[in-house]
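Numbering (the working numbering), first residue to last: 681 to 908.
Even for Gly, the Cβ is constructed at its ideal location relative to N, Cα and C.
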């Protein structure tokens, strides 16, 4: 739990220790439940590096507090950031480490660890990152799929080309729009109007046909269905 403080934001602290002492320090990856650091090098270099690491550990053990907060799992990626950079920025700006549940564990719980006076600012920063992107869904669009996408995605590209900072994703079942809270709603409204217009222009009916007649409806190499 104290490894982030020894390593430092963006590896700054451990890099400085290695540079100052000329010792080689092997740090276990976060995915491995192991507490030991391995230090190699000249005897004096190893002793200095060990003392520096031990000093950080003892200080943090004395003054660190922790709090756990619940953030929906789907928002964790915004807290982590690309290649973990957002978590590193929180550590750099507040001195507070952020412990996330593993990606394959369905848990909303996040632990913040650091000096008590810094936990509040870190929590505020964490929530701002978690809420930096909003998601809106439009469901039950499977029958409109080909009309929304268009030939080679032409319609889809036309719909989203003027959107500011949002990302639009159309699956077989739903349309998902993600973007900054202040901008997503206007863009979502535009997209929804486009899809609502398609709903008015395109009819959809389910016709039950005996499987024995399917081949006659489809025709050779799909000729009949293509004419439709």
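Residue closest to residue i, alpha-carbon to alpha-carbon, out of the options
i	options	result
residue 686	720, 872, 724 and 739	739
residue 793	784, 810, 812 and 770	770
residue 808	796, 756 and 775	756
residue 688	746, 810 and 774	774
residue 702	759, 730, 681 and 791	730
residue 806	796, 768 and 717	768
residue 704	683, 728, 712 and 681	728
residue 777	682, 697 and 810	682
Continuous beta strand (DSSP E) stretch holding residue i: start and end
i	result
residue 700	It is not in any beta strand (DSSP E) - residue 700 instead sits in the alpha helix (DSSP H) that spans 692-701.
residue 705	704-706
residue 779	777-779
residue 720	718-720
Helix, strand or coil at residue i [DSSP, three-state]
i	result
residue 784	coil
residue 726	helix
residue 876	helix
residue 859	strand
residue 743	helix
residue 890	coil
residue 811	coil
residue 738	helix
Alpha carbon of residue i to alpha carbon of residue j, nearest angstrom
i	j	result
residue 929	residue 881	No statement about residue 929 is possible, as the shown extent of the chain runs from 681 to 908 and does not include it.
residue 710	residue 779	10 Å
residue 802	residue 877	45 Å
residue 907	residue 895	15 Å
residue 720	residue 744	29 Å
residue 909	residue 858	One cannot answer for residue 909 here, as it falls past the ends of the chain, which runs 681 to 908.
residue 893	residue 788	51 Å
residue 758	residue 786	16 Å
residue 747	residue 772	18 Å
residue 889	residue 875	29 Å
residue 715	residue 741	14 Å
Start and end residues, alpha helix (DSSP H) containing residue i
i	result
residue 794	From DSSP, residue 794 is part of no alpha helix (DSSP H) but of the beta strand (DSSP E) over 789-795.
residue 773	765-774
Cutoff 8 Å: residue i Cβ touching any chain C Cβ
i	result
residue 785	Of the chains in the structure shown, none is chain C; there is only one protein chain.
Sufficient close CB pairs (3 or more, under 8 Å) joining the region 752-763 to the region 719-729: They do not touch, by the three-pair rule.
Just checking, does the region 728-737 make contact with the region 748-758 on the three C-beta pairs under 8 Å criterion? These segments do not touch.
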